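**Student:** One structure follows; several queries about it will come next.
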Amino acid sequence: MRGQPTDTVLSTPALPVSPPSKQRTTAMENSDSNVHAAGAHSTSGWVRTWGASPQAPDKTVSSVDAFEDATLRQTVRVSGGGSRIRIRLSNEYGTAPVTIGAAQVALAADGHLIQDGSSRTVSFSGRSTVTIPAGAPILSDPIDLALPALSHLAISLYLPGRVESVTGHGTFHALGWSVPGDATASSALSADAAPLPAQAFISAVEVLPDRPSNTIAVLGDSRVDGIGSLPGADRRWTDVLAERLIGRDATTRYVVSQGIGGNRLLNDGIGASALARFDRDILATPGLEHVVIAVGNDLVFSFAPDTEESAGFLAMFGGEPVTVEDVIAAHLQAVARARTHGVRVHAATIAPYGGSDMYTADGDKAREQVNEWIRSSGVFDGVLDFDAVWRDPADPSRIRDDLHMGDHLHGNDAGYDALAHSIDLSLFD
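So the sequence shown is numbered by this note's numbering: it starts at 220 and just counts up by one.
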């Protein structure tokens, strides 16, 4: 293994956290209902219905190459709908300003087609053209477009100048294309449309709902980002959870996935660490009512075998190895920060990974210790026991063979569906 974790990255909690008086758990025996105060972020205003955590361009993961005088059309599936929308774009990791020469949104049809009569021009502070400073995000003006729940939104951006550094998202579970010139108003792109390898610039879609609504934001790693699910098919567990929540009662609950493949709570690697991006990706979410913490890579990488085969992969992940105590302290830090905003906090147990290239017995023991703390500490408003859902009864260190993609680490469509259907929806009441 890489060496016993020694130095504590985040010391065991100096911040007191007031636990909810009763904790509820899914995929295991349910306890009495939780009485943590609700409603602090319920809103009749804007709520986030889709999101993707911005990442810096990185040769180790999929990213969009440099381009100029091109239109990018990308489609995303929203969780809940609304009568008006606005979009957030990000140049947070750009090395130079980026000019958007034109932008339009529309209801998506098949592929890169859009539905007739649904296209709307997007403006920013009243202007149809805008320059996003390096290091900054930008929010569009409200757009009059009725967006149904679980519908696909096409976002077309024309970039007239040379763009060398594209802020995006490395795992592309939507669809996207690029074509030369300004094709933002075209109902269909030309035959030379090239598929995009990753998302570019789009970080969020927000809606003005017509009924009481709030958002569930999920902070996570590749299992939240849906590695192993069918690309473009909307089969991540967060997608399926959104489907289950639609129309359940008088309050609409939106689900936003803020997972990054390879992400960790404490150390940067592929993307900023979960604690570093917590304010931006989670606490700044309009309409936020619940956060789910589902990050499990810290221990996996800290205890990974020190072999020639794993060396190249692990080189992408810097920082000192961490301990069980560090991971617990990181969870407590996230809970403390969320509770200052009146947000309910749920945690997912870390699923098995026996049989994968990263597995060690010491790492698995550490995983089990963190899971036991998540289940029994009483810190969280609810527990999503994903370990219990995926583990093989014949060998609890491994995922059931019918639920992973073949690498013993990530789910397949059936695996993510099982996670989504294990969740007690009343946790979000």
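By construction, the Cβ of each residue, glycine as well, lies at the ideal position given by its N, Cα and C atoms.
Values in this document were obtained by computation on a predicted structure and should not be read as measured data.
Is the CB-CB distance between E311 and T386 below 9 Å?
**Tutor:** The count along the sequence shown starts at 1 and reaches residue 311 at position 92. The count along the sequence shown starts at 1 and reaches residue 386 at position 167. For E311 and T386, yes; Cβs fall inside 9 Å.
**Student:** To the nearest angstrom, how far is it from the Cα of R267 to the Cα of L494?
**Tutor:** Counting from 1 along the sequence shown, the entry for residue 267 is found at position 48. Counting from 1 along the sequence shown, the entry for residue 494 is found at position 275. The alpha-carbon atoms of R267 and L494 are separated by roughly 20 Å.
**Student:** Helix, strand or coil, according to DSSP, for T390 in the structure here?
**Tutor:** Translated into the one-based positions of the sequence shown, residue 390 becomes position 171. In this structure, T390 counts as coil in the three-state DSSP scheme.
**Student:** What do you reckon, are the CB atoms on T457 and P428 nearer than 9 Å?
**Tutor:** Here residue 457 refers to the residue found at position 238 when the sequence shown is read from its first residue. Here residue 428 refers to the residue found at position 209 when the sequence shown is read from its first residue. Cβ distance not < 9 Å, so T457 and P428 don't count as in contact.
**Student:** Taking Cβ to Cβ, would you say V475 is nearer than 9 Å to V437?
**Tutor:** What you label residue 475 is simply residue 256 of the sequence shown in a count that begins at 1. What you label residue 437 is simply residue 218 of the sequence shown in a count that begins at 1. Closer than 9 Å, so yes.
**Student:** Based on the DSSP secondary-structure assignment, which residues constitute the bridge partners of H565?
**Tutor:** Start at 1 with the first residue of the sequence shown, and residue 565 comes out as number 346. Note: H565 sits in a beta bridge opposite V511 and G601.
**Student:** Alpha carbons only, please: which of N590, L644 and P615 is nearest the one belonging to D604?
**Tutor:** Indexing the sequence shown from 1 puts residue 604 at position 385. Among N590, L644 and P615, the Cα nearest to that of D604 belongs to N590.
**Student:** Can you find the residues in the same chain that come closer than 8 Å, C-beta to C-beta, to D636, ignoring five residues on each side of it along the sequence?
**Tutor:** On the sequence shown, residue 636 is found 417 positions in, with the first residue counted as 1. Closer than 8 Å at the Cβ level, and outside the excluded window around D636, lie R454, W456 and V459.
**Student:** Could you give the first and the last residue of the continuous beta strand (DSSP E) run that contains G478?
**Tutor:** For the purposes of this step, residue 478 is identified with residue 259 of the sequence shown, where counting begins at 1. Start and end: T471 to G478.
**Student:** Give me the Cα-Cα distance between A325 and T294, rounded to the nearest whole angstrom.
**Tutor:** Mapped onto the sequence shown, residue 325 falls at position 106. Mapped onto the sequence shown, residue 294 falls at position 75. C-alpha separation (whole angstroms): 9 Å.
**Student:** Compute the beta-carbon to beta-carbon distance between A570 and D614, rounded to the nearest angstrom, for a pair I have assumed lies under 8 Å.
**Tutor:** Working through the sequence shown from its first residue, we reach residue 570 at position 351. Working through the sequence shown from its first residue, we reach residue 614 at position 395. Actually they do not touch by this definition, with Cβ atoms about 13 Å apart.
**Student:** Between which two residues does the alpha helix (DSSP H) holding Q552 run?
**Tutor:** Here residue 552 corresponds to residue number 333 of the sequence shown, with the count starting at 1. Segment V543 to R558, the alpha helix (DSSP H) holding Q552.
**Student:** Give the DSSP bridge partners of V373, in chain order.
**Tutor:** Here residue 373 refers to the residue found at position 154 when the sequence shown is read from its first residue. Correcting the residue identity first, residue 373 is Ala in this sequence and not Val. Note: A373 sits in a beta bridge opposite T294 and A325.
**Student:** Expressed to the nearest angstrom, what Euclidean distance is found between the alpha-carbon atoms of D545 and D335?
**Tutor:** Here residue 545 refers to the residue found at position 326 when the sequence shown is read from its first residue. Here residue 335 refers to the residue found at position 116 when the sequence shown is read from its first residue. Approximately 53 Å between the Cα atoms of the pair.
**Student:** Residue range of the alpha helix (DSSP H) that V589 falls in?
**Tutor:** Within the sequence shown, numbered from 1, the residue matching residue 589 stands at position 370. Run containing V589: A580 to S595, per the alpha helix (DSSP H) assignment.
**Student:** Quick one: is L449 buried, meaning 16 or more other Cβ sit within 10 Å of its Cβ, or exposed?
**Tutor:** The sequence position of residue 449 within the sequence shown is 230, counting from 1. The residue is exposed, with fewer than 16 neighbouring Cβ atoms inside 10 Å.
**Student:** Taking the straight line between their C-alpha atoms, what separation do you get for S616 and D581?
**Tutor:** The residue labelled residue 616 in the question sits at position 397 within the sequence shown. The residue labelled residue 581 in the question sits at position 362 within the sequence shown. Answer to the nearest angstrom: the Cα atoms are 11 Å apart.
**Student:** Just the C-alpha distance for S432 and D468, rounded to the nearest angstrom, thanks.
**Tutor:** Position 213 of the sequence shown holds residue 432. Position 249 of the sequence shown holds residue 468. Spanning the two alpha carbons is a distance of roughly 11 Å.
**Student:** Just how far apart, CA to CA, sit G625 and D525?
**Tutor:** What you label residue 625 is simply residue 406 of the sequence shown in a count that begins at 1. What you label residue 525 is simply residue 306 of the sequence shown in a count that begins at 1. Cα to Cα, the separation comes out at about 22 Å.
**Student:** Note down the Cα distance separating R305 from V426, rounded to an integer number of angstroms.
**Tutor:** Walking along the sequence shown from the start, residue 305 turns up at place 86. Walking along the sequence shown from the start, residue 426 turns up at place 207. Those two C-alpha atoms are separated by around 6 Å.
**Student:** Kindly indicate the opening and closing residues of the alpha helix (DSSP H) around E527.
**Tutor:** Looking up residue 527 in the sequence shown gives position 308. Its alpha helix (DSSP H) spans residues E527 to L533.
**Student:** Let's see if you can read the secondary structure: which residues bound the alpha helix (DSSP H) around A637?
**Tutor:** Here residue 637 refers to the residue found at position 418 when the sequence shown is read from its first residue. Counting along the chain, the alpha helix (DSSP H) containing A637 begins and ends at D632 to S641.
**Student:** When the Cα atoms are used, what is the spatial distance from S370 to R307?
**Tutor:** Residue 370 sits at position 151 when you count from the first residue of the sequence shown. Residue 307 sits at position 88 when you count from the first residue of the sequence shown. Distance between the alpha carbons of S370 and R307 is about 18 Å.
**Student:** On a CA-only basis, which of R303, Q477 and I489 is nearest H392? Give me that one, please.
**Tutor:** One-based indexing of the sequence shown puts residue 392 at position 173. For the residues R303, Q477 and I489, the minimum Cα distance to H392 belongs to Q477.
**Student:** Could you check whether A289 and T314 sit closer than 9 Å to each other, using their CB atoms as the reference points?
**Tutor:** By one-based count along the sequence shown, residue 314 stands at place 95. By one-based count along the sequence shown, residue 289 stands at place 70. Against a cut-off of 9 Å, the Cβ pair of A289 and T314 comes out as no contact.
**Student:** Please state if the CB of S375 and the CB of A423 are separated by a distance shorter than 9 Å.
**Tutor:** Here residue 423 is taken as the residue at index 204 of the sequence shown, counted from 1. Here residue 375 is taken as the residue at index 156 of the sequence shown, counted from 1. Going by C-beta atoms, A423 is not nearer than 9 Å to S375.
**Student:** Give the single residue among R558, D576 and N516 whose Cα lies nearest to the Cα of A530.
**Tutor:** Taking the first residue of the sequence shown as position 1, residue 530 is located at position 311. Per the Cα distances, D576.
**Student:** Under 8 Å, with one C-beta from each stretch per pair, do the stretch 408-416 and the stretch 335-349 reach the 3-pair mark?
**Tutor:** Short answer: they don't touch.
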